[in-house]
Structures are given as C-alpha cells and as structure tokens.
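Numbering (the numbering used here), first residue to last: -9 to 259. Yeah, the Cβ is synthetic: ideal placement off N, Cα and C, and Gly gets one too.
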C-alpha cells in the first residue's frame, strides 16, 4: 500500500547522485536504519516498478529523506531524478530492514561500513540520539563511540561530507550526543585524497584501526559491533572479514555482533 507524499526539496550532489525529502505522513513510524518502498504516480498509462530506499532521516525527524543514484536504464531512477519540490512520490506503508539497533548485542564501538549510497542508513543511525544514549537523561547508553566509514570511487561522491565533518556537531540537541563520540572516516579509491583504499583492504591491513586511534589491528568481538551496507561483493567481503575475526552475525530475532542487510542491497555508484 502506498500513499502520495509531496517532495519538499531535492539536492543534486553530482550528475549521478541526488537526495530528496518527502513530507512525513501522520502515523508513519520506522526505526533508524530501515528502508521503505518508493514509486512514482502513474503517468501516461505507465508506472515504474517500486524500489527499496533506505531512509536517511533519524526516526524522530519530521520529514523523510532518501539518497539515490541516477541509473539511466533504471525503471524508477530514470524518472525519479527529474522530481522537483511540489511533485508527488508514492511512499510505502511498511518500513522494514535488519540494519537496526535491535539486531546487535550491547557493545562499546559501533562501526558503520558503507560504500556508495550504502551510506544512507548510517545517516539515519548516526543522527539518532538512541544510538548514543545518555543515562542522565534516562536514555539507555548503547555505544560509546560511532565510526561512520564511507568508501567511494571519487571525492565528489562523498555526499554529506561537510555535514558529517562539521554540521552534525552543530545540531542543537544532537550535537551534545555526538561530540567526541561520532567519527567520520571517508576513503576514496580512484583519485588522490587524504585517505585512499577500499574499506575491505583498510580493515584487513589494520589501517582503519590505526587511523582511528586503536591499539589493535582487528575487531574485538567483546566490544566492537559492525553494520554493513554496500553492493553485493562488498557486503560478502565485509561479512567474511567479520566472521574471520570472530564476530557473530545477528538479526532482530537473534542479535549478534555484526549485521548486514539481507532483504536488499543498496545500489552503489
């Protein structure tokens, strides 16, 4: 079941990447990290097939934001890329997905690994105050530190970079939760940048741990928790690394020390 929601704004990050925000209907509930089906209204007798999109907004947001690639041959994105504020987008009524807090056992460090548009669910989780918690405010403390690790081919594909480096710390309420606890770790593979390399290589060589100030070079199953979102090869490679380093895959029915989205894989650039 879909409802028609108005587009509030559209941001074109690159010729191939754009984000858009929809009005959030009354009663629409979701958990940070989940995805929902989107579609466009029928036009001239044609309606594309719906597609799953991770919600980049935290669960308390008043609007719903999404990140998308531009796929010229894609049934939906070839049309979706042309939306403007005031247009209508069809929003599914049943958010779902395994990239949620409930799929992980308690830990100290939360690593969010995403490639391309796989950063989308991490934007939701990283901005959710429940990811951090505050015992003085009666919010259960979940993780001491959060590391958002984003891998892309080109620097221009580091969407939300300015926000993740500075803006998130300036948020009126969220800023107090993330200060000294949220860390952004971008990496680029095809052009010079402050950091180069695939996320998989940065993990297996121990570089990511050294860069982030750890005195070890692999995951510690006792304190580290990992979430994964990327294309199929990346998901499988990261999953194999987690298993090899002693982490246990979790789900909402049986929480573990790492989780990867099972229902769909977010397309990447």
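- A direct Cα-to-Cα measurement between residue 220 and residue 59 gives close to 13 Å.
- For residue 186, no alpha helix (DSSP H) encloses it, and the DSSP letter there is neither H nor E.
- The stretch 65 to 81 and the stretch 141 to 152 do not touch, with fewer than three beta-carbon pairs separated by less than 8 Å.
- Assigned with DSSP and collapsed to three states, residue 153 falls in helix.
- For residue 82, the secondary structure class from DSSP, reduced to helix, strand or coil, is strand.
- Rounded to whole angstroms, the separation of the alpha carbons of residue 166 and residue 126 is 13 Å.
- Straight-line measurement puts the Cα of residue 102 at about 17 Å from the Cα of residue 170.
- In the three-state DSSP reduction, residue 108 falls in the helix class (H, G or I).
- Taken through DSSP and simplified to helix, strand or coil, residue 44 comes out as strand.
- Excluding residues up to 5 positions away in sequence, 149 lie with their Cβ nearer than 6 Å to the Cβ of residue 3 in the same chain.
- Straight across, the Cα-Cα distance linking residue 211 with residue 228 is about 15 Å.
- Each residue's CA atom was taken as its position, placing residue 38 and residue 157 some 36 Å apart.
- Residue -3 is a Cβ neighbour of residue 10, given a cutoff of 8 Å.
- DSSP places residue 140 in the uninterrupted beta strand (DSSP E) bounded by 135 to 142.
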